[in-house]
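For reference, the structure is listed below as structure tokens.
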Amino acid sequence: MDHKIAVVGDKDSVLPFKILGFDVFASPTAQKARETIDSLAQQNYGVIYLTEAMAKEIPDTIKRYDAEVQPAIILIPNHKGSLNIGKNRIEENVEKAVGQNIL
Amino acid sequence: MKKGKIIKVSGPLVMAEGMEHANIQDLCYVGDMRLVGEIIEMRNDVASIQVYEETSGLGPGEPVETTGEALSVELGPGIISQMFDGIQRPLDTFKAKTESNFLVRGVNISALDRDKKWAFKSIKAVGDYVEAGDIIGSVQETKVITHHIMVPYGVKGTIKSIEDGEFTLEDVVYTIETEDGIKEQTMMQRWPVRRGRPFKKKLNPDKPMLTGQRVIDTFFPITKGGAAAVPGPFGAGKTVVQHQIAKFSDVDLVVYVGCGERGNEMTDVLNEFPELIDPNTGESIMERTILIANTSNMPVAAREASIYTGITIAEYFRDMGYSVAIMADSTSRWAEALREMSGRLEEMPGDEGYPAYLGSRIAEYYERAGRILTIGSEEREGSITAIGAVSPPGGDTSEPVTQNTLRVVKVYWALDSSLAQKRHFPSVNWLTSYSLYLSEVGSHLNDELKQGWSEMVQHAMTILQEEAELQEIVRLVGIESLSEKDRLTMVIAQSLREDYLQQNAFDDVDTFTSRQKQFLMLDLILSFETEAREAMRLGAYFKEINEGTEALRDKIARVKYISEDNLSQIDEIKQEIKDKLHQIVAEGGMTQNA
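In structure tokens:
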């Protein structure tokens, strides 16, 4: 089964992804982002890219999909640079899986 | 009559020679003290006798006299509210006569009071044709139990004379003209305990017995005429479960056999029961209870007999058309008594030293339970529900007594020491227990309550089973790794466990739950689930539901303390659940981000 990819975040950061053919959803507020992600999860989206700046505002929403198979929410830096949230999450998961931070 | 002579004494087992005139299962008087005993084995003229009293001081050469009669119980008015020992000697008269708190040997007292007069009211008239089992009249024995006087087994004919009035048990109340002459009858009859009383037909037990215990009535119900086993290690609450059922089950009469357990437990019964009010009749429950006590310091052989004495009395009341429940606490002590006698008889031991016939003896006892049509021309319907506690050593249910019991009973309430340690009472483990009557009771209750009772029960059980699976994941990787849906399942299951299954036997309201209240409580918890799942579907997060309904769930937890008269409060809470969850959906995360 084919899945679609969505990008969610502030308008300036996500717009360039349109060139690559991703579905882009600009959300100016956290509330809007939460609603967008919840509705995307109901549809056929396998991967949702979310800007770190926005992720900081809606930790509950991200947590909610942590235990679900799909969609996978992948955090990306925005145009202002990385907040390291995405990388920390990967490190955390690695630690959970192998018992030690090997990165 | 010719007397035998003792040749060997080994604890409660006495061997006597010169007994060729005696038969197996005859009652004997043993020794100069005339202790009561029963012949359990015959080899040529040597009889092995199990003595129902302490045998110290007995020696070879002393005489043994057989009565030629089997061990029997006396059945008639005066039996209810009494406490008997294993061979039906009333313990209070015993104490008055011997002026001792302990059993004195060689005392011969009749089981039923011979001097007391009972008001007999006939319902049959002179000239009526009666058969064995027909009711010819009745005595109002206690406020709740009418003692029907039945024509004894083996007698039929026309009534020659019958009168109303005050009689003692020895007075002739009616005479019957039979084929072999006129027979005079009193209000009392005798029956050998080891033989089941006859009945016409066994029926399928399909009517539920309400015990007022939620975990039992909802998930593992027993029917009137069914048989159940309650195995559990020490301290798991076997005795409390048995007491609760004896107190609150909706049967007409309860026979409680305290068999080899602590004397204090029988004292508890004697202290508590007279004060308790039966929710079905409004009278003291002692008015419908018969106690048989053979505590751990009483003679071992009488323990073996106590179970049979109990069930014979139960059968007698069953024949009157009553539904009777018999509790035996505990059948393991009874099996140990069998083992002790078998060892002394030098029989070949089976598993764990129990005799090879353990299984057939246990089956024999439980098979005397059932729903039946009585003999006689009236065909009343009566039932005996047998509930036996089993105390497997170390809580290991793979031992012979538990295994042989499970082979014959259809309901298994497994008490779990780990639940008891968590203070979850009654500690009936919902994953290992079972009831094979579930579908019969379910369809019966579906008709009675007019709602999908069995689906609700099934659904609740599914949630509890899912929880057990999820618990394993949580133990491995933590609660964080569960999806929102699963975490909600955990919350509902917790509510089911703590708010529904747990029941406080020592709380005035919580100790008994009527069927209607059980239905409302279960419905409340499941409607919370439906609403919460719906809210989640509409976009609410688990965290919001969990935090938003904290006060509400507290209210659900307190529902068990709502008294039976105020059940409408439960509906109010149900409405509150709806309103609250609609509100959570409407806010939809606004609270934290606004």
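Heads up: the sequence lines are chains A and B, in that order. For the first sequence, numbering that gives the first Met the number 0 begins at 0 and goes up steadily by one. For the second sequence, numbering that gives the first Met the number 0 begins at 0 and goes up steadily by one. Beta carbons: idealized from backbone N, C-alpha and C, even for Gly. These numbers come from a predicted model, not from an experiment.
- Judged by beta-carbon spacing, Ile310(B) lies beyond the 7 Å limit of Arg360(B), meaning their Cβ atoms are not closer than that value.
- Think of a sphere of 8 Å around the beta carbon of Leu481(B): the chain A residues whose beta carbon falls inside it are Ala66, in chain order.
- Within the segment 368-409 of chain B, the runs of beta strand (DSSP E) that reach at least 3 residues and sit entirely inside it are, in chain order, 369-372, 380-389.
- Leaving aside the five residues that flank Asn100(A) on each side, the residues in its chain whose CB is nearer than 6 Å to its CB run, in chain order, Glu90, Glu94.
- Taking all protein chains in view, the Cβ of Val13(A) is crowded by 16 or more other Cβ atoms within 10 Å, so the residue is classified as buried.
- In chain order, Ile23, Ala46, Ser47, Leu344 place their CB closer than 8 Å to the CB of Glu40(B), counting only its own chain and leaving out the 5 sequence neighbours on each side.
- Of the candidates Lys223(B), Ile386(B), Glu16(B), Glu169(B), Lys223(B) places its Cα closest to the Cα of His443(B).
- When the alpha-carbon of His78(A) is set against those of His2(A), Ile4(A), Lys3(A), Lys10(A), the nearest one is in Lys10(A).
- Counting C-beta atoms within 10 angstroms of its own C-beta, Glu274(B) has fewer than 16 neighbours from the protein chains shown and is therefore classed as exposed.
- Taking Glu286(B) as the centre and dropping the five residues before and after it, the same chain places the C-beta of Thr141, Lys142, Val143 closer than 6 Å to its C-beta, in chain order.
- Taking 7 Å as the CB threshold, Arg63(A) lines the interface with chain B.
- For the pair Ala124(B) and Lys155(B), the CB atoms are not nearer than the 7 Å cut-off.
- Your pair Phe83(B) and Ile291(B) checks out as a contact, with CB atoms roughly 5 Å apart and the cut at 8 Å.
- Per DSSP, Gln81(B) lies in no beta strand (DSSP E) and is assigned neither H nor E.
- With respect to Ala304(B), Gly85(B) sits close: the two C-beta atoms are nearer than 7 Å.
- For Pro59(B), the number of other beta carbons within 10 angstroms of its own is below 16, and it is reported as exposed.
- In the structure shown, Phe505(B) adopts coil according to DSSP, grouped into three states.
- Judged by DSSP secondary structure, Gln184(B) falls within the beta strand (DSSP E) whose first and last residues are 180-184.
- When secondary structure is reduced to three states using DSSP, Ile161(B) falls in the strand class.
- Secondary structure at Glu264(B): helix, using DSSP grouped into helix, strand and coil.
- The beta-carbon distance between Met186(B) and Gly75(B), rounded to whole angstroms, is 5 Å. This is short enough to meet the 8 Å contact definition.
- Close to chain A, meaning a Cβ-Cβ distance shorter than 7 Å, are the following residues of the segment 530-563 of chain B: Gly538, Tyr540, Lys542.
- By the Cβ criterion, the segment 517-531 of chain B is not in contact with the segment 24-32 of chain A, since fewer than three pairs of Cβ atoms, one from each stretch, lie closer than 8 Å.
- With the criterion set as a beta carbon lying under 9 Å from some beta carbon of chain B, the members of the segment 40-62 of chain A are Glu56, Ile57, Asp59, Thr60, Lys62, in sequence order.
- Here Val50(B) is near Pro11(B), since their CB atoms are less than 7 Å apart.
- The three-state secondary structure of Arg42(B), taken from DSSP, is strand.
- Apart from sequence neighbours up to five positions away, the residues of its chain that approach Ile79(B) with a beta-carbon distance below 8 Å are Glu140, Thr141, Ile144, His146, Leu252, Glu286, Arg287, Thr288, Ile289, ordered along the chain.
- Non-local C-beta neighbours of Glu264(B) in its own chain, meaning closer than 7 Å and more than five positions away in sequence, comprise Thr238, Gly257, ordered along the chain.
- Counting only the Cα atoms, Gln212(B) lies some 17 Å from Leu566(B).
- Along the segment 21-39 of chain A, the positions whose C-beta sits under 8 Å from a C-beta of chain B are Thr28, Ala29, Gln30, Arg33, Glu34, Asp37, read in chain order.
- CA-CA distance, Arg536(B) to Tyr64(A), rounds to 14 Å.
- In this structure Val427(B) is in contact with Leu414(B), their Cβ atoms being roughly 6 Å apart against a cut-off of 8 Å.
- Check the Cα spacing between Met520(B) and each of Gln501(B), Gly352(B), Thr54(B): the tightest is with Gln501(B).
- Remark: C-beta atoms of Thr35(A) and Val7(A) approach each other more closely than 7 Å.
- Using a 10 angstroms sphere on the CB of Lys200(B), the tally of other CB atoms stays under 16, which defines it as exposed.
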